[in-house]
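Student: One structure, as structure tokens, below. Some questions next.
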Amino acid sequence: MQWVPDRFWPAHSTVELSVGSLSSDFKTGPAVVGVASISQHTFTVSIDGVEEGPPPPLPAPHHRVHFGEDGVMPASMGRPEYPTPVGSYTVLSKERSVIMDSSSVGIPVDDPDGYRLSVDYAVRITSRGLYVHSAPWALPALGLENVSHGCISLSREDAEWYYNAVDIGDPVIVQE
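In UniProt numbering, the protein residues as written are 1 to 176.
Structure (structure tokens):
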């Protein structure tokens, strides 16, 4: 059984769960929040309110001023025909490597838009298959344009850093 609260729990708090005569408690960790900006082509991570991220340098062509600031990573979201849905999500799982197959979202693998790829550092945020993940094939588009089938695409280094920083239950917010 999995239960998700209506609101995000505050960082560093104690949560007590009781069912009948059984009870248990646990402490929440730091507040790791990822914010994807579709229009800015960025994914920003804050930990306990402080923007953090992997150390620069960033590869060319990422020369825009905000890239390289702590926590601001160049990203690519869904292209117009496969938009990334705006909203608040919760990290459901983390997979070091996963096979992504377009037939799971109704696109035949042999379609011009189809794919079957092994993807690293995949952080799942919906049960229908929306992820934050490494997308080395999209590196030229990161920070510049949205080219994915809806997922939040990052460089391998940024995706690995985020994968290691985030825990199940942490929020991801997608904004226009």
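We treat Cβ as the ideally placed atom computed from N, Cα and C, and that holds for glycine.
Strictly by DSSP, which residues pair up with H133?
Tutor: As a working mapping, residue 133 is identified with position 133 in the sequence shown. Its beta-bridge partners are S153.
Student: Give the straight-line distance between the Cα atoms of R124 and M100, rounded to the nearest whole angstrom.
Tutor: For the purposes of this step, residue 124 is identified with residue 124 of the sequence shown, where counting begins at 1. For the purposes of this step, residue 100 is identified with residue 100 of the sequence shown, where counting begins at 1. Taking the straight line from one Cα to the other gives about 12 angstroms.
Student: CA-CA distance, D70 and F43?
Tutor: Walking along the sequence shown from the start, residue 70 turns up at place 70. Walking along the sequence shown from the start, residue 43 turns up at place 43. Roughly 11 angstroms between the two C-alpha positions.
Student: Apart from the five residues on each side of it in sequence, which residues of its chain come closer than 6 angstroms, Cβ to Cβ, to D25?
Tutor: Locating residue 25 in the sequence shown gives position 25, counting from the first residue. Closer than 6 angstroms at Cβ, skipping near neighbours: T14 and E16.
Student: Closest to S104 by C-alpha separation, out of G49, Y82 and G129, would be which residue?
Tutor: For this step, residue 104 is matched to residue 104 along the sequence shown. Looking at the Cα atoms, G129 is the closest of the given residues.
Student: Would you check if there are 3 or more beta carbon pairs closer than 8 angstroms linking the segment 44-55 to the segment 82-94?
Tutor: In short, these stretches do not touch, since the Cβ pair count stays below three.
Student: Would you kindly check if the distance between the Cβ of C151 and the Cβ of A135 is under 9 angstroms?
Tutor: Locating residue 135 in the sequence shown gives position 135, where the first residue counts as 1. Locating residue 151 in the sequence shown gives position 151, where the first residue counts as 1. Against a cut-off of 9 angstroms, the Cβ pair of C151 and A135 comes out as a contact.
Student: Report yes if the C-beta distance between A31 and D158 is below 9 angstroms; otherwise report no.
Tutor: Counted from its first residue, the sequence shown places residue 31 at position 31. Counted from its first residue, the sequence shown places residue 158 at position 158. No, the pair does not count as a contact, with Cβ atoms beyond the cut-off.
Student: At which residues does the beta strand (DSSP E) containing R116 begin and terminate?
Tutor: For the purposes of this step, residue 116 is taken as residue 116 along the sequence shown, with counting starting at 1. Start and end: R116 to R124.
Student: What did DSSP end up calling E52 once you bin it into helix, strand or coil?
Tutor: Counting from 1 along the sequence shown, the entry for residue 52 is found at position 52. Here E52 sits in coil by DSSP.
Student: So within the segment 67-97, which uninterrupted beta strand (DSSP E) runs reach at least 3 residues, ignoring any that extend past its ends?
Tutor: Runs found: 72-74 and 87-90.
Student: From A138 to A75, what distance separates their C-alpha atoms?
Tutor: Within the sequence shown, residue 138 is the residue found at index 138, counting from 1. Within the sequence shown, residue 75 is the residue found at index 75, counting from 1. Cα-Cα distance, rounded: 9 angstroms.
Student: Going by DSSP, what residues sit across from D25 in a beta bridge?
Tutor: Residue mapping note: residue 25 aligns to position 25 of the sequence shown, counting from 1. Per DSSP, E16.
Student: Is the beta carbon of G20 closer than 9 angstroms to that of Y162?
Tutor: Counting from one through the sequence shown, the residue named residue 162 turns up at place 162. Counting from one through the sequence shown, the residue named residue 20 turns up at place 20. Contact flag unset, no.
Student: By the DSSP assignment, the beta strand (DSSP E) with V35 in it spans what residues?
Tutor: Reading the sequence shown from its first residue, position 35 is the one you call residue 35. Run containing V35: V32 to S37, per the beta strand (DSSP E) assignment.
Student: Go through its chain and collect everything with a Cβ distance to K27's Cβ below 8 angstroms, but skip five positions before and after it.
Tutor: If you number the sequence shown from 1, residue 27 lands on position 27. So the qualifying residues of the chain are H12, S13, T14 and V15.
Student: Starting from the Cα of L144, find the closest Cα among W9, A36, S18 and H41 and give me that residue.
Tutor: Position 144 of the sequence shown, counted from the start, is the residue given in the question as residue 144. The candidate whose alpha carbon is nearest that of L144 is H41.
Student: Tell me whether L117 is buried or exposed, calling it buried when 16 or more other Cβ atoms sit within 10 Å of its Cβ.
Tutor: Taking the sequence shown and counting its residues from 1, one reaches residue 117 at position 117. Its Cβ having fewer than 16 others within 10 Å, L117 is exposed.
Student: In terms of DSSP beta bridges, what is I168 paired with?
Tutor: Counting from 1 along the sequence shown, the entry for residue 168 is found at position 168. None, per the DSSP bridge assignment.
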